[in-house]
Amino acid sequence: MGAYETLVVERPDPAIARIVMNRPEARNAQNLQMTYDLNAAFDDAVQDDGVKVIILAGNGPHFSAGHDLRATTRNEAGIDFPPVGAWGGFREPGAHGRMAREQEIYLQITRRWRNLAKPTIAEVHGKCIAGGLMLAWACDLIVAADSAEFCDPVVTMGVCGVEWFVHPWELGPRKAKELLFTADSWSAQDAHQLGMVNHVVPAPELSDFTLQLALRIAAKPSFALKMTKEAVNRSVDIQGQPAAIDQAFALHQLCHAHNLQEFGMIVDPMGLHPSVRQQVKV
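The opening position of the sequence shown corresponds to residue 1 in full-length UniProt numbering, with each subsequent residue numbered one higher.
Given below as structure tokens:
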């Protein structure tokens with residue numbers, strides 16, 4: 001596997017690829033470079049016939065603080081990076097270009113990761129916030145440290161949740177509404193009780209537990225694993241999840257347009273941390 005600017009790829013076992021987000025100074029906030037590094041690393045792992053299971057983890061004290069909203073990390077998807085999705089119009093002004101870029105880097109790429117042809121496990125510690133949830137939710141299984149916390153505070157920024165809107169499936173509709181309305185954090189134990197997290201383990205044991213789980217899965221036949229994942233994913237798709245995600249994404253874009261008219265930027269600035277407020281990109 002190749003070298004990546006924002007990731008470290010480990011092989012703790014010949015059958016396991018462990019992809020580690022490596023922007024600890026930014027709490028592993030997902031900038032455009034990391035997005036496309038992740039996409040390339042996932043593709044490399046899928047194309048490597050020796051890899052049976054993929055683990056996604058984060059370096060430093062947190063799994064991921066979400067999307068990097070600073071102006072220095074503008075989303076030049078399809079321009080600086082070759083697009084992986086089917087949308088064009090990345091250079092178009094206003095809502096046209098913004099929707100194209102967000103379709104590419106948030107919606108279509110996350111959908112690709114969710115449908116990777118090998119089992120994936122998110123190894124979550126520390127904070128898993130907003131866009132960090134999208135990374136974890138794209139994985140087949142989630143193992144969390146007992147000190148991990150989850151949160152989607154995007155409603156405080158004037159937007160109806162993150163772009164990969166699977167909250168009702170992950171949390172159930174009533175709990176999804178509560179956690180979005182309040183922007184409260186929920187613990188690993190809460191997430192486990194809701195069925196979002198598969199296992200909660202003491203933080204010092206997180207990596208070893210996740211690896212052992214991956215090895216148990218890797219012992220199964222590759223084709224059977226692939227077909228099982230396909231069967232479960234398609235069962236969820238038949239229930240309408242893709243259409244629900246797409247309509248929520250359209251409402252997300254409507255929120256951006258409203259905020260741009262009200263505040264001159266695509267989010268409500270009062271929902272941003274003061275250190276980010278002056279740097280947020282339009």
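Idealized CB from N, CA, C, for every residue including glycine.
Grouping DSSP H, G and I as helix and E and B as strand, with all else coil, what is residue i?
i	result
Gln30	strand
Pro12	strand
His62	coil
Thr6	coil
Pro269	helix
Ser187	strand
Phe81	strand
Ala57	strand
Val159	coil
Glu149	strand
Asp37	helix
Met196	coil
Ala17	strand
Arg111	helix
Arg70	strand
Phe42	helix
Arg91	coil
Val154	helix
Leu116	coil
Ala214	helix
Alpha carbon to alpha carbon, how far is residue j from residue i? Give it in angstroms, no decimals.
i	j	result
His273	Pro14	42 Å
Gly132	Ala244	20 Å
Pro242	Ala138	13 Å
Ala250	Met99	9 Å
Lys52	Ala219	8 Å
Ala3	Thr35	14 Å
Ala231	Pro221	15 Å
Leu215	Thr228	17 Å
His199	Gln261	44 Å
Asp268	Asp48	43 Å
Gln33	Leu141	25 Å
Gly85	Val46	18 Å
Gln189	Gly89	43 Å
Leu180	Val8	32 Å
Val143	Asp80	34 Å
Phe42	Arg234	21 Å
Gly240	Gly60	37 Å
Asp184	Leu69	21 Å
Need the endpoints of the beta strand (DSSP E) that residue i sits in, please.
i	result
Leu141	141 to 145
Lys127	127 to 129
Thr120	120 to 124
Val200	199 to 201
Glu205	Looking at the DSSP string, Glu205 is not in any beta strand (DSSP E), and its letter there is neither H nor E.
Buried or exposed for residue i, going by 16 or more other Cβ atoms inside 10 Å?
i	result
Met270	exposed
Ala236	The sequence given here places Val at residue 236; Ala does not occur at that position. Classification for Val236: exposed.
Glu25	exposed
Ile19	buried
Ala94	The question names Ala, but residue 94 in the sequence shown is Gly. So Gly94 ends up on the exposed side.
Leu135	buried
Asn75	Summary for Asn75: the model assigns pLDDT 49, below 50, so the residue's position carries little reliability; its value from the coordinates is reported in the next sentence. Buried, because 16 or more other Cβ atoms sit within 10 Å of the Cβ of Asn75.
Arg114	buried
Thr6	buried
Ile238	exposed
Using a Cβ-Cβ cut-off of 8 Å, state whether residue i counts as contacting chain D.
i	result
Ser147	Within the model displayed, chain D is absent; a lone protein chain is all it includes.
Identify the continuous alpha helix (DSSP H) that holds residue i and give its terminal residues.
i	result
Lys226	222 to 238
Lys175	173 to 182
Glu102	94 to 102
Pro24	Taken as a continuous stretch (DSSP letters only), Pro24 belongs to no alpha helix (DSSP H), as it is neither H nor E.
Ala138	Taken as a continuous stretch (DSSP letters only), Ala138 belongs to no alpha helix (DSSP H), as it is neither H nor E.
Phe249	241 to 263
Taking 7 Å as the cut-off, is the beta-carbon of residue i closer than that to any non-hydrogen atom of the ligand GDP?
i	result
Ala214	As for the ligand GDP, it is missing from this structure, which has no ligand bound.
message: Quick test of the definition: if touching needs 3 or more C-beta pairs under 8 Å, does the stretch 238 to 258 touch the stretch 152 to 159?
response: yes
message: Taking contact to mean 3 or more Cβ pairs, one atom from each stretch, closer than 8 Å, check whether the stretch 120 to 129 and the stretch 92 to 103 are in contact.
response: no
query: How about the stretch 198 to 206 and the stretch 140 to 151: do they share at least three Cβ pairs that are nearer than 8 Å?
result: yes
query: Are three or more beta carbon pairs between the stretch 56 to 65 and the stretch 81 to 98 nearer than 8 Å?
result: Fewer than three beta-carbon pairs drawn from the stretch 56 to 65 and the stretch 81 to 98 are found closer than 8 Å, and the two stretches are therefore not classed as touching.
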